[in-house]
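Student: Have a look at this one before I ask anything.
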Amino acid sequence: MVRSLTRRQRGGLYVFVGFALLLNPFVVGALDIGDPDSYTYEPKEITFHDNGTYDAPIGVDEIDPGVACLDTLPSRSCALERAVHANGGVTYDEYPRFVVRDVRYPYVHVWGAGFFETATEELANGSVEYGLEPVPKSRVLDSVAVSSDDASRGVRGALETGQYRTSDPLDDADELVAHDGSYYVVTEVASRTTTGERRDIVIGLQWVAGIGGGWLVLRGQRHRVAAGG
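Convert by adding 141 to the 1-based position in the sequence shown; the result is the number in our numbering.
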(Lines of atoms letter the chains of each structure in order from A and count residues from 1; the text may use other names and numbers.)
(Lines give C-alpha, C1' and ligand atoms only; values in the text may rest on other atoms or scores of the structure.)
Protein backbone atom coordinates (compact mmCIF):
# COMPACT_ATOMS: atom_id res chain seq x y z
CA MET A 1 0.00 0.00 0.00
CA VAL A 2 1.38 3.38 -1.04
CA ARG A 3 1.40 5.91 1.76
CA SER A 4 0.23 9.41 0.83
CA LEU A 5 2.66 12.30 1.17
CA THR A 6 2.57 14.43 4.27
CA ARG A 7 1.88 18.14 3.95
CA ARG A 8 5.53 18.93 4.50
CA GLN A 9 6.59 16.43 1.84
CA ARG A 10 4.07 17.88 -0.62
CA GLY A 11 5.48 21.32 0.12
CA GLY A 12 9.00 20.13 -0.59
CA LEU A 13 7.86 18.54 -3.84
CA TYR A 14 6.11 21.75 -4.93
CA VAL A 15 9.25 23.77 -4.19
CA PHE A 16 11.45 21.31 -6.11
CA VAL A 17 9.21 21.30 -9.19
CA GLY A 18 8.80 25.07 -9.03
CA PHE A 19 12.53 25.71 -9.01
CA ALA A 20 12.99 23.14 -11.77
CA LEU A 21 10.62 25.19 -13.93
CA LEU A 22 12.17 28.52 -13.00
CA LEU A 23 15.75 27.40 -13.56
CA ASN A 24 15.11 25.41 -16.72
CA PRO A 25 17.21 26.87 -19.59
CA PHE A 26 14.08 27.05 -21.72
CA VAL A 27 12.47 29.29 -19.12
CA VAL A 28 15.54 31.29 -18.29
CA GLY A 29 16.12 31.96 -21.99
CA ALA A 30 19.82 32.80 -21.68
CA LEU A 31 19.29 34.88 -18.53
CA ASP A 32 16.38 36.89 -19.95
CA ILE A 33 12.90 35.40 -19.43
CA GLY A 34 10.59 36.40 -22.23
CA ASP A 35 13.17 36.42 -25.04
CA PRO A 36 13.88 33.08 -26.77
CA ASP A 37 16.87 34.41 -28.74
CA SER A 38 20.30 33.22 -27.65
CA TYR A 39 23.79 34.47 -28.52
CA THR A 40 27.00 32.81 -27.35
CA TYR A 41 30.28 34.72 -27.19
CA GLU A 42 33.83 33.58 -26.52
CA PRO A 43 37.12 35.48 -26.16
CA LYS A 44 39.81 35.01 -28.80
CA GLU A 45 43.37 36.09 -28.05
CA ILE A 46 45.13 38.25 -30.64
CA THR A 47 48.93 38.40 -30.66
CA PHE A 48 50.69 41.29 -32.41
CA HIS A 49 54.29 40.84 -33.55
CA ASP A 50 57.03 43.40 -34.07
CA ASN A 51 57.41 42.42 -37.73
CA GLY A 52 54.02 43.90 -38.63
CA THR A 53 52.05 40.66 -38.48
CA TYR A 54 49.61 39.21 -35.98
CA ASP A 55 48.05 35.89 -35.02
CA ALA A 56 44.28 35.56 -34.82
CA PRO A 57 42.32 32.33 -34.22
CA ILE A 58 39.94 30.93 -36.81
CA GLY A 59 36.52 32.51 -36.44
CA VAL A 60 37.73 36.06 -35.85
CA ASP A 61 36.55 38.10 -38.84
CA GLU A 62 37.07 41.59 -37.43
CA ILE A 63 39.48 42.68 -34.70
CA ASP A 64 38.60 46.35 -34.29
CA PRO A 65 36.70 48.87 -36.45
CA GLY A 66 39.18 51.59 -35.49
CA VAL A 67 41.89 49.99 -37.64
CA ALA A 68 41.38 49.37 -41.35
CA CYS A 69 42.65 46.06 -42.77
CA LEU A 70 42.75 44.48 -39.31
CA ASP A 71 40.33 41.75 -40.32
CA THR A 72 40.10 38.66 -42.48
CA LEU A 73 37.22 39.76 -44.71
CA PRO A 74 38.12 41.80 -47.83
CA SER A 75 36.74 45.33 -47.95
CA ARG A 76 36.85 48.27 -50.33
CA SER A 77 38.37 50.56 -47.71
CA CYS A 78 41.20 48.12 -47.06
CA ALA A 79 41.94 47.72 -50.77
CA LEU A 80 42.11 51.51 -51.17
CA GLU A 81 44.36 51.95 -48.13
CA ARG A 82 46.75 49.29 -49.37
CA ALA A 83 46.91 51.07 -52.72
CA VAL A 84 47.67 54.35 -50.94
CA HIS A 85 50.50 52.66 -49.03
CA ALA A 86 51.90 50.98 -52.13
CA ASN A 87 51.91 54.23 -54.12
CA GLY A 88 53.18 56.47 -51.33
CA GLY A 89 50.01 58.55 -51.18
CA VAL A 90 47.22 59.88 -53.38
CA THR A 91 46.61 63.49 -54.48
CA TYR A 92 43.10 64.92 -54.80
CA ASP A 93 42.32 68.07 -56.76
CA GLU A 94 38.58 68.35 -56.14
CA TYR A 95 38.00 67.67 -52.45
CA PRO A 96 38.74 69.93 -49.48
CA ARG A 97 41.03 68.62 -46.76
CA PHE A 98 38.30 67.88 -44.21
CA VAL A 99 36.46 65.65 -46.69
CA VAL A 100 39.54 63.56 -47.45
CA ARG A 101 40.36 63.38 -43.76
CA ASP A 102 36.84 62.22 -42.81
CA VAL A 103 37.33 58.47 -42.44
CA ARG A 104 35.73 56.04 -39.97
CA TYR A 105 39.07 54.75 -38.75
CA PRO A 106 42.18 56.66 -37.62
CA TYR A 107 44.62 53.81 -38.25
CA VAL A 108 45.51 51.33 -40.98
CA HIS A 109 47.35 48.03 -40.69
CA VAL A 110 49.50 46.79 -43.56
CA TRP A 111 50.59 43.18 -43.25
CA GLY A 112 54.33 42.95 -42.81
CA ALA A 113 54.73 46.73 -42.53
CA GLY A 114 52.86 47.49 -39.32
CA PHE A 115 50.50 50.26 -38.29
CA PHE A 116 49.93 53.61 -39.95
CA GLU A 117 47.97 56.75 -39.18
CA THR A 118 45.86 58.41 -41.84
CA ALA A 119 47.30 61.82 -42.76
CA THR A 120 46.45 64.67 -45.11
CA GLU A 121 48.46 67.62 -46.37
CA GLU A 122 47.24 70.62 -48.33
CA LEU A 123 49.67 71.42 -51.14
CA ALA A 124 50.59 74.85 -52.51
CA ASN A 125 48.38 74.43 -55.57
CA GLY A 126 45.31 73.80 -53.41
CA SER A 127 45.17 70.05 -53.92
CA VAL A 128 45.20 67.65 -50.99
CA GLU A 129 47.55 64.71 -50.55
CA TYR A 130 46.25 61.74 -48.60
CA GLY A 131 48.78 59.34 -47.19
CA LEU A 132 49.77 57.08 -44.33
CA GLU A 133 52.30 57.85 -41.61
CA PRO A 134 53.91 54.96 -39.66
CA VAL A 135 53.10 54.85 -35.94
CA PRO A 136 54.36 52.60 -33.14
CA LYS A 137 52.37 49.46 -32.45
CA SER A 138 52.06 50.32 -28.76
CA ARG A 139 50.49 53.69 -29.52
CA VAL A 140 47.83 52.18 -31.75
CA LEU A 141 46.96 49.38 -29.35
CA ASP A 142 46.78 51.77 -26.40
CA SER A 143 44.47 54.00 -28.42
CA VAL A 144 41.99 51.48 -29.82
CA ALA A 145 41.96 48.70 -27.21
CA VAL A 146 39.39 49.08 -24.44
CA SER A 147 40.37 48.03 -20.95
CA SER A 148 38.37 45.05 -19.73
CA ASP A 149 37.44 47.14 -16.69
CA ASP A 150 35.59 49.55 -19.00
CA ALA A 151 34.00 46.87 -21.19
CA SER A 152 30.40 45.73 -20.89
CA ARG A 153 29.31 43.08 -18.41
CA GLY A 154 28.96 40.59 -21.25
CA VAL A 155 32.50 41.11 -22.54
CA ARG A 156 33.93 40.90 -19.03
CA GLY A 157 31.95 37.72 -18.41
CA ALA A 158 33.35 36.11 -21.55
CA LEU A 159 36.91 37.08 -20.61
CA GLU A 160 36.61 35.83 -17.04
CA THR A 161 34.73 32.57 -17.65
CA GLY A 162 35.56 31.73 -21.26
CA GLN A 163 31.99 32.04 -22.51
CA TYR A 164 28.98 34.33 -22.19
CA ARG A 165 25.40 33.70 -23.27
CA THR A 166 22.78 36.38 -23.66
CA SER A 167 19.46 37.00 -25.39
CA ASP A 168 20.68 40.24 -27.01
CA PRO A 169 23.75 40.88 -29.18
CA LEU A 170 26.71 42.53 -27.44
CA ASP A 171 27.27 46.04 -28.75
CA ASP A 172 30.99 45.95 -28.00
CA ALA A 173 31.71 42.54 -29.51
CA ASP A 174 34.39 42.33 -32.21
CA GLU A 175 36.42 45.12 -30.63
CA LEU A 176 39.92 44.87 -29.23
CA VAL A 177 40.03 44.50 -25.43
CA ALA A 178 43.09 44.65 -23.17
CA HIS A 179 42.90 42.10 -20.36
CA ASP A 180 45.65 40.89 -18.01
CA GLY A 181 48.44 42.07 -20.29
CA SER A 182 47.05 40.45 -23.45
CA TYR A 183 44.65 41.46 -26.21
CA TYR A 184 41.38 39.74 -26.99
CA VAL A 185 38.34 39.99 -29.21
CA VAL A 186 35.05 38.73 -27.83
CA THR A 187 33.22 37.33 -30.82
CA GLU A 188 29.97 35.48 -31.47
CA VAL A 189 30.44 31.73 -31.88
CA ALA A 190 26.79 30.59 -31.96
CA SER A 191 23.31 32.08 -32.10
CA ARG A 192 19.68 31.03 -32.16
CA THR A 193 16.89 33.41 -33.09
CA THR A 194 13.14 32.95 -33.25
CA THR A 195 10.85 35.17 -35.30
CA GLY A 196 7.19 35.55 -36.16
CA GLU A 197 4.42 33.40 -34.70
CA ARG A 198 6.82 30.78 -33.37
CA ARG A 199 8.60 33.47 -31.33
CA ASP A 200 5.30 34.57 -29.76
CA ILE A 201 4.48 30.96 -28.85
CA VAL A 202 7.89 30.41 -27.27
CA ILE A 203 7.65 33.63 -25.26
CA GLY A 204 4.17 32.66 -24.08
CA LEU A 205 5.33 29.23 -22.97
CA GLN A 206 8.30 30.74 -21.16
CA TRP A 207 6.10 33.09 -19.18
CA VAL A 208 3.55 30.37 -18.38
CA ALA A 209 6.30 28.05 -17.13
CA GLY A 210 7.95 30.85 -15.19
CA ILE A 211 4.75 32.00 -13.50
CA GLY A 212 3.76 28.40 -12.80
CA GLY A 213 7.14 27.69 -11.26
CA GLY A 214 6.93 30.75 -9.04
CA TRP A 215 3.43 29.79 -7.90
CA LEU A 216 4.57 26.26 -7.03
CA VAL A 217 7.51 27.58 -4.99
CA LEU A 218 5.24 29.88 -2.98
CA ARG A 219 2.60 27.19 -2.49
CA GLY A 220 5.21 24.64 -1.45
CA GLN A 221 6.79 27.03 1.01
CA ARG A 222 3.41 27.73 2.61
CA HIS A 223 2.87 23.99 3.05
CA ARG A 224 6.31 23.62 4.64
CA VAL A 225 5.73 26.50 7.03
CA ALA A 226 2.27 25.24 7.99
CA ALA A 227 3.75 21.79 8.64
CA GLY A 228 6.49 23.30 10.79
CA GLY A 229 9.47 22.61 8.48
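All residues carry an ideal CB built from backbone N, CA and C; glycine is no exception.
Since this is a predicted model, take the numbers as computed values, not measurements.
Where does Leu273 land, buried or exposed, given buried means 16+ other C-beta within 10 angstroms?
Tutor: buried
Student: Which ranges does the beta strand (DSSP E) cover as unbroken runs of at least 3 residues, wholly within the region 226 to 304, from first to last along the chain?
Tutor: 231 to 233, 248 to 251, 255 to 263, 269 to 275
Student: Count the other CB atoms, across all protein chains shown, that sit within 10 Å of the CB of Phe256; report buried if there are 16 or more and exposed otherwise.
Tutor: It counts as buried.
Student: Name, in chain order, the residues that DSSP records as bridge partners for Pro184.
Tutor: In DSSP, Pro184 forms a bridge with Val327.
Student: Round the Cβ separation of Thr181 and Ala292 to the nearest angstrom and send it over; I've been treating them as touching at under 8 Å.
Tutor: Thr181 to Ala292, Cβ: 17 Å. No contact.
Student: Keeping to the same chain, check which residues put their C-beta closer than 7 Å to that of Thr194; ignore five residues upstream and five downstream.
Tutor: Trp252, Gly253
Student: To the nearest angstrom, report how far apart Ile199 and Arg223 are at their CA atoms.
Tutor: 23 Å
Student: If you count every other CB in all the chains shown that lies within 10 Å of the CB of Thr259, and 16 or more means buried, which is it?
Tutor: buried
Student: Please work out which residues of its chain come closer than 6 Å, Cβ to Cβ, to Asp178, disregarding the five sequence neighbours upstream and downstream, and give them in chain order.
Tutor: Ser308, Thr334
Student: Classify Gly354 as buried or exposed, calling it buried when 16 or more other Cβ atoms lie within 10 Å of its own Cβ.
Tutor: With a 10 Å radius around the Cβ and a threshold of 16 neighbouring Cβ atoms, Gly354 comes out buried.
Student: Under 9 Å, do Leu300 and Pro184 count as touching if we go by C-beta distance?
Tutor: yes
Student: Looking only at its own chain, which residues have a Cβ that is under 7 Å from the Cβ of Ile204, when we skip the five neighbours before and after it?
Tutor: Ile187, Ala197, Leu211, Asp212, Leu317, Val326
Student: Applying the 10 Å Cβ sphere with the 16-neighbour rule, what's the burial state of Leu357?
Tutor: buried
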